[in-house]
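In my numbering, the protein residues as written are 7 to 410.
Even glycine gets a Cβ: it sits at the ideal position worked out from N, Cα and C.
Quantities reported herein were computed from a predicted structural model and do not represent experimental measurements.
Here's the structure we're looking at; comments come further down.
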């Protein structure tokens with residue numbers, strides 16, 4: 007491994023302690039684990055932000071798995087919860103209920119309210135219509151089972167998995183097997199809108215269905231297994247037809263920036279590879295898409311010295327349709343590097359991850375304050391962020407490739 011890698015790998019563990027971490031244990035609790043949580047960051051103080059921990063929770067799982075399982079059990083408990091209290095959505099001024107049954111919450115609450123009791127402290131967008139949260143919940147639950155071997159996670163979480171998938175399926179309004187994004191930011195890129203089927207949310211959905219098929223086998227639910235296989239069959243065909251263009255998966259099917267090259271376009275395939283699920287897209291398409299991301303989002307952005315920019319246009323210019331499309335997200339860069347490792351693109355993986363390391367530890371001195379992201383000039387946003395913990399997904403990928 008390169009000399010810089012263990013520096014970044016171990017230093018990113020600072021967030022476990024410094025992320026406004028809370029650990030509450032009832033003395034009467036028989037297992038002594040209780041409730042554990044970290045914030046997304048100090049600028050966005052939400053506990054265990056689900057869409058972000060999808061990337062940033064690898065160190066917790068790999069080093070403190072009992073704490074990770076406790077967090078996921080807290081998410082299981084939120085799935086049937088309802089809170090019809092209306093609140094103002096900051097981005098639009100519209101009104102929306104705080105929490106609907108079946109919708110996974112954005113977070114487990116805020117330090118300023120009552121974490122665990124009042125989920126969905128976030129109100130910048132309406133998390134009840136997000137298209138990534140439910141899929142990420144299913145994938146995280148299955149990932150944690152694969153790592154720990156704890157079947158009770160699946161057994162206890164199975165009703166929540168079924169509810170979560172049924173809820174997200176409601177957004178497949180044309181019956182093609184894929185949920186449609188709604189032309190507003192309805193996923194973790196919460197200022198970068200998607201419309202129609204999207205590579206990001208569609209891929210996560212397909213991977214979640216793959217995981218659900220495996221979980222159905224574990225719990226013996228043949229009816230659910232057959233339903234998810236049917237959704238998966240239709241969804242895969244629609245995903246290829248709507249989004250594959252011969253070199254990469256389009257950002258989405260219907261927005262003005264649909265041809266943009268998204269660094270994170272294979273997020274679903276990445277998780278499928280991490281946990282040994284069948285591929286959701288053809289093998290050759292995965293490799294070609296990752297090579298395109300490396301060529302455009304990594305090497306054509308700042309000379310390959312700053313990580314993977316979220317969005318690039320086919321002409322080699324940065325996608326400036328939102329502030330987030332023009333940013334490098336450190337955690338996403340590490341996730342893309344992990345995906346490259348899993349597909350045997352080791353040189354590309356190291357170069358991709360090195361850009362994030364270089365800015366953090368050499369160029370800008372963001373030591374122990376790793377931000378969510380930066381732009382081409384190095385202007386950062388949201389320091390001390392959870393998502394860069396995804397560097398431990400590179401370690402997961404290295405171990406998997408080595409058969410450990």
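If you check the CB distance, residue 201 and residue 261 come in under 8 Å. In chain order, 136, 137, 138 and 207 place their CB closer than 6 Å to the CB of residue 193, counting only its own chain and leaving out the 5 sequence neighbours on each side. Contact holds between the segment 114-124 and the segment 80-89, because three or more Cβ pairs, one in each stretch, are under 8 Å apart. In the structure shown, residue 316 adopts coil according to DSSP, grouped into three states. Distance from the CA atom of residue 299 to the CA atom of residue 351, rounded to whole angstroms, is 12 Å.
Within the same chain, 231 come within 8 Å of residue 223 by CB-CB distance, once the 5 residues on both sides are set aside.
Shown here for residue 91: same chain residues with a beta carbon closer than 8 Å to its own, the five before and five after excluded, namely 103 and 104 in chain order. Using a Cβ-Cβ distance cut-off of 8 Å, the segment 162-175 and the segment 248-255 are not in contact, since fewer than three pairs of beta carbons, one from each stretch, lie closer than that value. Here the segment 373-391 does not lie against the segment 278-286, with fewer than 3 beta-carbon pairs under 8 Å apart. The C-beta separation of residue 264 from residue 335 comes to about 21 Å, leaving the pair out of contact by the 8 Å criterion. In terms of Cβ geometry, residue 397 and residue 340 form a close pair [threshold 8 Å].
In the assembly as shown, residue 307 is a buried residue. Its beta-carbon has 16 or more other beta-carbons within 10 Å.
In the three-state DSSP reduction, residue 267 falls in the strand class (E or B). Proximity to residue 70 across 57, 59, 154 and 302 peaks at 154, based on C-alpha coordinates. According to the DSSP assignment, residue 101 belongs to the beta strand (DSSP E) that extends over 101-105. Classified as exposed, residue 329 has fewer than 16 neighbouring CB atoms from the shown chains inside 10 Å of its CB. Per DSSP, the continuous beta strand (DSSP E) segment holding residue 43 begins and ends at 41-43.
Taken through DSSP and simplified to helix, strand or coil, residue 54 comes out as coil.
The closest CA to that of residue 43, considering only 35, 381, 36 and 24, is found on 24.
Take the alpha-carbon of residue 337 and the one of residue 36: they are about 35 Å apart. The beta carbons of residue 10 and residue 237 sit about 43 Å from each other, so the pair does not count as a contact at 8 Å. Between residue 110 and residue 221, the alpha-carbon positions lie close to 19 Å from each other. Beta-bridge analysis with DSSP links residue 298 to no other residue. Taking C-beta separations shorter than 6 Å and ignoring five residues to either side along the sequence, the partners of residue 314 in its chain run 269, 303, 304, 339, 342 and 358, following chain order.
For residue 64, the number of other beta carbons within 10 angstroms of its own is at least 16, and it is reported as buried. When the alpha-carbon of residue 290 is set against those of 370, 253 and 229, the nearest one is in 253.
Beta-bridge pairing by DSSP links residue 182 to no other residue. Around the CB of residue 149, 16 or more other CB atoms lie within 10 Å, so the residue is classed as buried. Take residue 163, set aside five residues on each side of it, and the residues of its chain with a beta-carbon closer than 6 Å to its own are 82 and 147, in chain order.
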